[in-house]
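Let me begin by presenting the structure, written as structure tokens, before commenting on it.
Number of protein chains: 2
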Amino acid sequence: MDEGSLIARIRKGGRSSREVIVGIGDDCAVYRPAGCKEDLLLTTDWLIEGVHFLRETHPASAVGWKALARGLSDIAAMGGRPRVCLLSLALGPWTSEAWVRSFFRGFRRLAQATGVVLAGGDLARADRLACDIVVVGTAPRGQALLRSGARPGDEIYVSGRLGGSALGLATRRGASWRRHLRPEPRLALGAYLRRLGATAAMDLSDGLSLDLYRLCVASGVAAELEDTIPVFRGATLDQALHGGEDYELLFTVPEGTRVPKRHRGVELTRIGRIVKGRAGRILLAGERLRPLGWDHLRGRS
Amino acid sequence: MDEGSLIARIRKGGRSSREVIVGIGDDCAVYRPAGCKEDLLLTTDWLIEGVHFLRETHPASAVGWKALARGLSDIAAMGGRPRVCLLSLALGPWTSEAWVRSFFRGFRRLAQATGVVLAGGDLARADRLACDIVVVGTAPRGQALLRSGARPGDEIYVSGRLGGSALGLATRRGASWRRHLRPEPRLALGAYLRRLGATAAMDLSDGLSLDLYRLCVASGVAAELEDTIPVFRGATLDQALHGGEDYELLFTVPEGTRVPKRHRGVELTRIGRIVKGRAGRILLAGERLRPLGWDHLRGRS
């Protein structure tokens, strides 16, 4: 059972609703309450000991930061503004009060920096520590950036430099390690891209090759990448293409859109273009690029 | 570290916001998006293998049903209408495709019966199966039923009969076992109580003695119970007082409110009244009743 086929099955059985504008399969669900000026963006993300972090390796404050960052990054990818979050926290048998304090220090630092309010959640004890973060954000009605809007001719961009998180996890020191521990959700950039008229966007959580594949499949298009992938200093091209957890934004804009080189200090790099072709087919400098990122059920494929 | 003190610490560090009408500590958070006619109710609930259910004991379809029922019951307790849900699902190493299919059959049956749309979630693999359900509901602006509204003189009621779920888990047969496996969120009743002018409500997930204690603490009041607790057929008074997972509603109404004996076939029983006194102090037929329900961090206290 891989992730894609399970999601496909869950989707098939789903009901639709006038109020659910975007359902399963994008970074966030989009819900439009009756008589509301803004759309609500809803996202939920796991952070599980032994799967998404290691107790011995990841400091508690970084675990708290990242639990929230994963949800905020989904809101950023839709061009939204985060408002409220809920945290479900299952403590492991080893979890001390000091660990919990430090976890919430990291969590709260990011919450305060981004203006999101922790308004609830659920607590439990379990064999391993697990968090599930829920973030509710808003976007102007009908304007959330989706994965499905890319059209042939659009230009493909990424923010920042890729592979830093994978490098950091391998070396556990320096700038890449800091990047791995405390990724910065690209909230200001997401909102900017929405106003700029980006046609599609998503966050890079599972690796460029897999995430771009998903964007292309959602949009029913193919892509041609050039040899311009911005690689994090010290990382390999392989880490940049297939390493996950960079939490940068991948986005497309209509041909000819003037995209600045940087937005608030974050580089924006054109890496290729959307073309007609079999949905999800990606070429990198003329060679086929297979999606090798992180499948949440099978692991690295 | 017990649940109450951890929640108190998390609350203390929280920020407030004009839009978050009710934060940590009630059945749902209440969020009021700008310019919206309705308030949004947000809740999240764990269902973890080995903690909230047992793989050998609980059929997959009942696990799917109950995962959603726990969230819907929180919406019911606030008098809300459920709209959208998200499901975070971490599959255990033992989880087969047949198990997942059956899980979603149970989940979907309850979703369809209650009109809630599954709009997203997250998937992972873990050592044990875990679900975290998010339900978003709505209530007319400012009218959600809270735990904190009970006042001295109010009469205390419960719906249905208590202890059935604990009895079912002990015997694993008959009506009580069916009740344990597939609790019915009291959505129609919750909406009715809101219109009736109930002063406070919550769902009975952790046992009457602990949940009433929480309601009294939230309202800053004490309670006197009479010898009229409605006990599920075959259950003991102990199971009715301290057994969890009945998912009935506990509510208070102003003195003299005409509460019908039944609402849509569900019994409504007056069990006592709210009095002045130390917050959380409860007497049952003149004797002190201590909160002995389920603490999510320490287990049975």
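Protein chains in written order, with our numbering: chain B, 84 to 384; chain R, 84 to 384.
Where a beta carbon is used, it is the ideal one built from N, C-alpha and C, also for glycine.
Quick one: residues in its chain with C-beta nearer than 7 Å to the C-beta of T311 (chain R), no 5 flanking neighbours on either side, listed in chain order? T352, R353, I354
Start and end of the alpha helix (DSSP H) containing I365 (chain B)? Per DSSP, I365 (chain B) belongs to no alpha helix (DSSP H); it is in the beta strand (DSSP E), 365-367.
Helix, strand or coil for S292 (chain B), going by three-state DSSP, please let me know. helix
List, in chain order, every chain R residue whose beta-carbon is nearer than 8 Å to that of F186 (chain B). By Cβ distance, chain R contributes nothing, its closest Cβ being about 10 Å from F186 (chain B), past 8 Å.
So does the stretch 255-264 of chain B actually touch the stretch 357-366 of chain B, counting three or more Cβ pairs closer than 8 Å? no
Classification of G382 (chain R) by the beta-carbon crowding that lies within 10 angstroms, buried from 16 upward: exposed
Quick check: what's the CA-CA separation for Q322 (chain R) versus A274 (chain B)? 53 Å
Residue from B:T126, B:V199, B:P165 whose Cα sits closest to the Cα of I216 (chain R): B:T126
Could you check the C-alpha separation between V167 (chain B) and I107 (chain R) for me, to the nearest Å? 11 Å
Start and end of the alpha helix (DSSP H) containing V105 (chain B)? Premise fails: V105 (chain B) lies in the beta strand (DSSP E), 103-105, not in any alpha helix (DSSP H).
Among R:G327, R:E86, R:K95, R:S156, whose alpha-carbon lies nearest the alpha-carbon of S292 (chain R)? R:G327
Check whether chain B comes within 9 Å of M161 (chain R), counting only Cβ atoms and requiring the distance to be less than that. no
So that I know if they touch, is there some Cβ in chain R lying closer than 9 Å to that of H141 (chain B)? no
In chain order, which continuous runs of the beta strand (DSSP E) of length 3 or greater are located wholly inside the stretch 315-339 of chain R? 332-336
Take R184 (chain B) as the anchor and find which of B:G163, B:P142, B:V200 has the nearest alpha-carbon. B:P142
Opposite W129 (chain R) in the DSSP bridges: which residues? R:D215
When you compare only the Cα positions, how much space is there between V146 (chain B) and G189 (chain B)? 7 Å
Touch check for the stretch 158-172 of chain R and the stretch 196-206 of chain R: three-plus C-beta pairs under 8 Å? yes
Just list the beta strand (DSSP E) runs in the stretch 225-268 of chain B, keeping only unbroken ones of 3 residues or longer that don't cross its boundaries, in chain order. 238-242
At 4 residues or longer, what runs of the alpha helix (DSSP H) sit wholly inside the stretch 123-206 of chain B? 143-160, 180-197
Beta-carbon neighbours of T127 (chain B), restricted to chain R and to distances below 9 Å: T127, L169, L170, S171, G203, G204, D205, D215, V217
Quick check: is the beta carbon of R277 (chain R) nearer than 9 Å to any beta carbon in chain B? no
If E180 (chain B) sits next to M84 (chain R), beta carbons under 8 Å apart, how far is it from one beta carbon to the other, in whole angstroms? 6 Å
Can you tell me the Cα-Cα spacing of W129 (chain B) and R345 (chain B), whole angstroms? 31 Å
Where D237 (chain B) and A249 (chain R) are concerned, what is the direct C-alpha to C-alpha distance, given to the nearest angstrom? 59 Å
Anticipated Cβ contact below 8 Å, A283 (chain B) with D122 (chain B), distance rounded: The pair is not a contact, with the Cβ atoms about 17 Å apart (cut-off 8 Å).
Who are the neighbours of H379 (chain R) on chain B, taking C-beta pairs under 8 Å? D205, L206, A207, R208
Note down, in chain order, all residues in the stretch 287-320 of chain B with a beta-carbon under 7 Å from any beta-carbon belonging to chain R. none
Exposed unless 16 or more other CB atoms sit within 10 angstroms - verdict on A91 (chain R): exposed
Exposed or buried, which one is S302 (chain R) when buried takes at least 16 other CB atoms within 10 Å? buried
Kindly indicate if chain B contains any beta-carbon less than 9 Å away from that of Y114 (chain R). yes
Compare the C-beta of A283 (chain B) against all C-beta atoms of chain R and say whether one is closer than 9 Å. no
Are the Cβ atoms of L245 (chain R) and E331 (chain R) separated by less than 9 Å? yes
Could you tell me the distance, in whole angstroms, from the CA atom of L375 (chain B) to the CA atom of Y240 (chain R)? 57 Å
Within-9 Å CB hit, T221 (chain B) to chain R: yes
Applying the 10 Å Cβ sphere with the 16-neighbour rule, what's the burial state of S88 (chain R)? exposed
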